[in-house]
Each structure stands twice: as C-alpha cells, then as structure tokens.
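Protein chains in written order, with my numbering: chain A, 1 to 223; chain B, 1001 to 1086. Beta carbons: idealized from backbone N, C-alpha and C, even for Gly. Every value quoted in this text rests on a predicted model; they were computed, and no experiment measured them. First the structure, in the form of structure tokens, and then the observations on it.
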C-alpha cells in the first residue's frame, strides 16, 4: 500500500487563539478591560463579584460573563446587583470557557456603554489555564481555606495569572493557613504575581481591589 | 478534563488538511504533546481513538509523541491512498 505523509505542524490551540485575538480586538476598540477570574470551586469568585458590583457598580458599568457547569445560580446571584450585563454560559459539563463562548456572549453586551468586563470562569484550577479568552489578565483567587501548596500543585494556573487575590481573609485566625508560605509558593512559580488580600464578607482589602480596577479602566481609556 | 475538546480540535485540523472523500483513508494522526501542555495523554489518546474511528474518519489511529514544554500540535497525517507501492 502507498501511504503518503502530510506535514501539518499546526498548534491545536490555534483556532482558540485566533478567536481570543478577536475578543481582544473587540475589547480594545471599546477600550474595555476584561478580567478572567479563575480559581478552584468555592473560593469565593461569585461573592467577590457580588460585593464588587454592589460597591463599584455606581461608579463603573460592569458586565459579567459567568461560566457555570450546570446551573444559572451564579448569574442569578449577580443579576441582583446589576439590572443588565450578566451573561451566563452554561457549559453543560465542560470544565472551562473558551474564546468562542466569550465572543458569542459579548455580542449581547453593550460594550459602548460598558467600562469593565469580568469573566467568571468555571471553578477549576486545571483546564481554564489552557484557554486564552482574550482577557487583559487572568486573576486567580486563592482562599485561605485551601492548602498553601495550591500554586505548587497547579503551577500552570498561577503562571498564567497576573494577579492573585487571597479571599476569606477574615477566617485566617481560625485556620492553620500560613500566608507567608502561600505567598512564597505562588512567587516561586510566578515571580511577577501581584497580590490582594481580601474578605468579601467584612470588606477588608477591597479598597485596594477597587482602586486597582478603577486604575485599569482609566488606563484602558487612555490607550 | 478538557481532552475531548482538544481531541475534537485535532479532528478539525485533520479535516482541514484532507479532502472530505479521503478522510476514511487517513491511517495515522501524529501529535506532539508537551509535558507542560496541561493535557492528560492517556485521556487524549482515548478520545482520539473514539473520534478517529467514527465518521467522517474510517480507521485512523493517534500517534502521540511526548515532548518537553507546552507544545500541543498536530505534526502530520498519514493517508493510505490505496494504490500499490511503486
């Protein structure tokens, strides 16, 4: 039999990356920064967003795209704090969001009247690290109820993220979590990580978080 | 957990390189998967074994080369055009 070989040499993620570039172009046209929130399940992504919408929603027009595996729960929770701009992507079992879903969800967002976009990814520290969604940056949430070694266990997620937000800081006195150890482990896999230390319940540390977001919006407008 | 998405993308890439009527003649799909690619090779192989033996493919098999780094790409396709050897 005659077998011929076709050279392909094509990156598997090439198509996603093209779509991510489309997302990035679309957001840049409207000068809107987008942040992709990633974390393990239960680290407090939705609560941080609820509080952020509540307290920053008066100053910034914030759109949220949520990715939930099976329910609308996160979108329902968030829609209490904003009468528009919450787009839910029910992934039907998939473990991550991809750039095509973001591009589709953005069609429903009035970007001309939006200052900031959050993408609440599926709670999972593995798969979302592999998908570029066209975001300005990935922000990983790291709750104090997790092990300090999360960055060592899931290095790719911490390498792909530009910021790490420690959550549930109010619980620290009740836990054995060692903050210095956690920070050291995170910096070991990504020396460029910047940190926030927050409690969405008490509000501690959120001023820095809001100042950062407002700064990012101002910077995008100047671009 | 996202190996099926990756496998489906691999199939799309293969389909883009071979005319539709020859897809059943694809015998091998060669891939390079890096150790930092975030892909579970056994799971990817299983997904590809299923997809590459279902229409529009006939009976192709995945050949995965493990490499270092975050490489994840389709390197080659082998097509048996049915003609005898020259």
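Closest Cα partner of residue i within the set the options
i                       : options                           : result
residue 1075 of chain B : B/1012, B/1015, B/1035 and B/1065 : B/1065
residue 198 of chain A  : A/207, A/190, A/192 and A/191     : A/207
residue 170 of chain A  : A/153, A/184, A/204 and A/192     : A/204
residue 216 of chain A  : A/115, A/172, A/14 and A/130      : A/115
residue 130 of chain A  : A/4, A/17, A/75 and A/7           : A/17
residue 152 of chain A  : A/138, A/146, A/188 and A/134     : A/188
residue 212 of chain A  : A/5, A/24 and A/35                : A/35
residue 167 of chain A  : A/13, A/4 and A/43                : A/43
residue 105 of chain A  : A/174, A/22 and A/218             : A/22
residue 74 of chain A   : A/33, A/110 and A/120             : A/120
residue 138 of chain A  : A/61, A/193 and A/113             : A/193
residue 202 of chain A  : A/48, A/154, A/155 and A/118      : A/48
residue 65 of chain A   : A/25, A/110 and A/59              : A/110
residue 77 of chain A   : A/136, A/59, A/100 and A/53       : A/53
residue 82 of chain A   : A/134, A/132, A/6 and A/58        : A/58
residue 117 of chain A  : A/26, A/6, A/15 and A/2           : A/26
residue 1067 of chain B : B/1049, B/1082, B/1054 and B/1041 : B/1041
residue 133 of chain A  : A/2, A/214, A/3 and A/101         : A/101
residue 3 of chain A    : B/1043, B/1049, B/1029 and B/1044 : B/1029
residue 200 of chain A  : A/150, A/219, A/142 and A/218     : A/142
residue 108 of chain A  : A/99, A/126, A/150 and A/63       : A/63
One or two residues paired with residue i in a DSSP bridge
i                       : result
residue 143 of chain A  : A/167
residue 194 of chain A  : A/163
residue 6 of chain A    : B/1077
residue 138 of chain A  : A/36 and A/161
residue 1063 of chain B : B/1030
residue 11 of chain A   : B/1073
Close beta carbons around residue i, own chain, < 7 Å, minus the five adjacent residues each side
i                       : result
residue 140 of chain A  : 38, 39, 157, 158, 161 and 164
residue 1039 of chain B : 1003, 1006, 1033 and 1072
residue 148 of chain A  : 177, 178, 181, 182 and 185
residue 1020 of chain B : 1056
residue 1036 of chain B : 1069 and 1070
residue 103 of chain A  : 19, 22 and 23
residue 113 of chain A  : 61
residue 226 of chain A  : Nothing can be reported for residue 226 of chain A: it is not among the residues displayed for chain A, which extend from 1 to 223.
residue 135 of chain A  : 34, 35, 36 and 119
residue 1062 of chain B : 1029, 1031, 1045, 1048, 1049 and 1052
residue 1022 of chain B : 1079
Spatial neighbours of residue i in its chain, beta-carbon cut-off 8 Å, leaving aside the 5 residues before and after
i                      : result
residue 72 of chain A  : 88 and 90
residue 93 of chain A  : 69 and 70
residue 122 of chain A : 67, 68, 69, 91, 94, 95, 96, 97 and 128
residue 223 of chain A : 28 and 31
residue 41 of chain A  : 123 and 124
residue 11 of chain A  : 17
residue 80 of chain A  : 50
residue 238 of chain A : Residue numbering for chain A in the displayed model covers 1 to 223; residue 238 of chain A lies beyond these limits and cannot be assessed.
residue 196 of chain A : 163, 164, 165, 166, 205, 208, 209 and 212
residue 8 of chain A   : none
Chain-order list of residues whose beta-carbon lies under 6 Å from that of residue i (same chain, five-residue window excluded)
i                       : result
residue 1047 of chain B : 1003, 1004 and 1007
residue 56 of chain A   : 210
residue 1031 of chain B : 1064 and 1074
residue 1051 of chain B : 1007 and 1011
residue 172 of chain A  : 144
residue 190 of chain A  : 158 and 159
residue 1058 of chain B : 1024
residue 1027 of chain B : 1060, 1078 and 1080
residue 1053 of chain B : 1059
residue 1013 of chain B : 1074
residue 46 of chain A   : 74 and 77
Proximity test, Cβ basis, 8 Å: residue i and chain C
i                       : result
residue 1054 of chain B : Of the protein chains in this structure, namely A and B, none is chain C.
Contact test: residue i Cβ vs the ligand MN heavy atom, cutoff 7 Å
i                      : result
residue 128 of chain A : In the structure shown, the ligand MN is absent, as is every other ligand, since no ligand is present at all.
request  = May I ask you to list, following chain order, the residues of the region 1-21 of chain A that have a beta carbon less than 7 Å from some beta carbon of chain B?
outcome  = 1, 2, 3, 4, 5, 6, 7, 8, 9, 10, 11, 12, 13 and 15
message = Give me the subset of the region 108-131 of chain A whose CB atoms are less than 7 Å from a CB atom of chain B, sorted by chain position.
response = 126, 127, 129 and 130
ask   = Of all the alpha helix (DSSP H) runs that stay within the bounds of the region 50-133 of chain A, which reach a length of 4 or more residues?
value = 73-79 and 99-106
key: chain B contacts from the region 144-169 of chain A (Cβ-Cβ distance under 8 Å)   = 156
task = Give, in chain order, every residue of the region 1034-1045 of chain B whose Cβ lies closer than 9 Å to some Cβ of chain A.
result = 1036, 1037, 1038 and 1039
request  = Taking a Cβ distance cut-off of 8 Å, strictly less, list which residues of the region 71-103 of chain A are near chain B, in chain order.
outcome  = 94, 95, 96 and 98
inquiry  = Using a Cβ-Cβ cutoff of 9 Å, what residues of the region 1058-1083 of chain B are near chain A? List them in chain order.
reply    = 1070, 1071, 1072, 1073, 1074, 1075, 1076, 1077, 1078, 1079, 1080, 1081, 1082 and 1083
ask   = Using a beta-carbon distance cut-off of less than 9 Å, what residues from the region 1010-1024 of chain B approach chain A?
value = 1010, 1012, 1013, 1014, 1016, 1017 and 1018
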